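Reviewing the structure listed below.
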């Protein structure tokens, strides 16, 4: 099944203009879905989601952290340094809550992006 190009353009446009209202799970789910579909993130959407994710990084749960980082690594997006620092910090703060799959996804994402995580994370 193919997704209609017009629908995708409309959804991307709407997500871009409403990015400031997205909650952590919505940011993570959107980026995960785009990565899963193999969609290259339009620069406006990427910028809006990175800005939003960075602003609310402290509210992300472990699954959302790992999903977002997996999505960014999968799409080979050049990760914003502020976002990366915010999410490594958040992962460090919540590391005791991570489930095995979340650990695996996050470590894979960090390795794929060539990141050396802070000592407290691993």
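Residue numbers (the working numbering): 21 to 142.
Yeah, the Cβ is synthetic: ideal placement off N, Cα and C, and Gly gets one too.
Note that the structure is a prediction, hence the values are computed from the model and not measured.
So for residue i, helix, strand or coil by DSSP?
| i | result |
| --- | --- |
| residue 99 | coil |
| residue 59 | coil |
| residue 136 | coil |
| residue 22 | coil |
For a quick check, are the C-beta atoms of residue i and residue j less than 8 Å apart?
| i | j | result |
| --- | --- | --- |
| residue 74 | residue 50 | no |
| residue 47 | residue 69 | yes |
| residue 133 | residue 107 | no |
| residue 126 | residue 111 | yes |
| residue 86 | residue 122 | yes |
| residue 120 | residue 76 | no |
| residue 30 | residue 65 | no |
| residue 124 | residue 72 | no |
| residue 114 | residue 82 | yes |
Among the options, which has the Cα closest to the Cα of residue i?
| i | options | result |
| --- | --- | --- |
| residue 32 | 63, 43, 106 | 63 |
| residue 37 | 60, 22, 67 | 67 |
| residue 60 | 41, 95, 84 | 95 |
| residue 84 | 42, 26, 100, 25 | 42 |
I'd like the span of the alpha helix (DSSP H) that includes residue i, first residue to last.
| i | result |
| --- | --- |
| residue 40 | Segment: none, residue 40 is in no alpha helix (DSSP H) and carries neither H nor E. |
| residue 84 | 82-94 |
| residue 123 | 120-132 |
| residue 66 | 63-75 |
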